[in-house]
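A.B. asks:
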Amino acid sequence: MSLSVVLVPLALGAASSAVSFALREKVEEGVLYKIETNMKDEILLEESLKSFGCNVDLNEESFHSSIGDIQMAFQQQENGTFSGIFNESVSTEEAQEFLQDVQKEYVRLVQNRTYEKLIARARQEGLILEHENTTDDNTIQLTFQVKEKLYNE
Numbered sequence: 001m002s003l004s005v006v007l008v009p010l011a012l013g014a015a016s017s018a019v020s021f022a023l024r025e026k027v028e029e030g031v032l033y034k035i036e037t038n039m040k041d042e043i044l045l046e047e048s049l050k051s052f053g054c055n056v057d058l059n060e061e062s063f064h065s066s067i068g069d070i071q072m073a074f075q076q077q078e079n080g081t082f083s084g085i086f087n088e089s090v091s092t093e094e095a096q097e098f099l100q101d102v103q104k105e106y107v108r109l110v111q112n113r114t115y116e117k118l119i120a121r122a123r124q125e126g127l128i129l130e131h132e133n134t135t136d137d138n139t140i141q142l143t144f145q146v147k148e149k150l151y152n153e
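Number 81 in the UniProt record's numbering belongs to position 81 of the sequence shown; there are no gaps in the numbering.
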């Protein structure tokens, strides 16, 4: 089985673009169906797809990726989230399973980016990392020592 992915970023006012119109028309005809996600960051979504072996190609209007012959697209909705759009030949169960896997990778990437930003900011603020623990559900718990700053009055 192979998979081809198209990611279509849409601004609120770009609903008239040919790509978004064609996708919407195919969804209405029942040739394609849409599954909503809570993913919002195009770059992290691209990285998540690449981690599954998808080849990703970004151009001005769409975001293409391929890993075989099954067609799929991602289209950004007005609320900023991306919806996966699948051909009717792909079972809903397979599509949902794929999106769940992509979502897990996306969440892992968000957590890693947040962790890196937090550690960098803590260093800037003079905090010292005393303890780091990762729980069974991959939650990262950090304990910092706060350096006391002395101010001259």
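Where a beta carbon is used, it is the ideal one built from N, C-alpha and C, also for glycine.
Compute the distance between the beta-carbons of Lys147 and Ile128, then report whether it is under 8 Å.
C.D. replies: The answer is yes: Cβ separation under 8 Å.
A.B. asks: Only counting the same chain, and skipping five residues up and downstream in sequence, which positions put a Cβ closer than 6 Å to that of Met39?
C.D. replies: Taken in chain order, the residues that qualify are Leu45, Phe82 and Tyr106.
A.B. asks: State the DSSP-derived secondary structure class of Glu93, mapped to helix, strand or coil.
C.D. replies: Reduced to three states, the DSSP call for Glu93 is helix.
A.B. asks: Need the endpoints of the alpha helix (DSSP H) that Ser83 sits in, please.
C.D. replies: Careful: Ser83 lies outside any alpha helix (DSSP H), inside the beta strand (DSSP E) at Phe82 to Asn87.
A.B. asks: If you compare alpha carbons, which of Met72, Val102 and Thr37 is closest to Lys50?
C.D. replies: Ranking the options by Cα distance to Lys50, first place goes to Val102.
A.B. asks: Considering only residues of the same chain and omitting the five flanking positions on each side of residue 155, which have a CB-CB separation below 8 Å?
C.D. replies: The first residue shown for the chain is 1 and the last is 153, placing residue 155 beyond what the model contains.
A.B. asks: Nearest-angstrom Cα distance between Glu130 and Asn138?
C.D. replies: Taking the straight line from one Cα to the other gives about 19 Å.
A.B. asks: Over the uninterrupted alpha helix (DSSP H) stretch that includes Lys50, give me the two end residues.
C.D. replies: Note, Lys50: alpha helix (DSSP H), Glu42 to Lys50.
A.B. asks: Would you mind giving the Cβ-Cβ distance between Ala122 and Phe98, rounded to the nearest angstrom? I have them listed as a contact below 8 Å.
C.D. replies: Ala122 to Phe98, Cβ: 36 Å. No contact.
A.B. asks: In chain order, what residues of the same chain lie with their CB nearer than 6 Å to the CB of Gly126, ignoring the 5 residues before and after it?
C.D. replies: If we look at Gly126 and ignore the five residues flanking it on each side, its Cβ neighbours are Lys147.
A.B. asks: Could you give the distance in angstroms between the alpha-carbon of Val90 and the alpha-carbon of Ile119?
C.D. replies: Whole-angstrom Cα-Cα distance: 42 Å.
A.B. asks: Give the secondary structure of Gln145 by DSSP, where H, G and I count as helix, E and B as strand, and everything else as coil.
C.D. replies: Residue state, collapsed to three classes: strand.
A.B. asks: Do Leu32 and Glu88 have their C-beta atoms closer together than 8 Å?
C.D. replies: Result yes, Cβ atoms of Leu32 and Glu88 sit closer than 8 Å.
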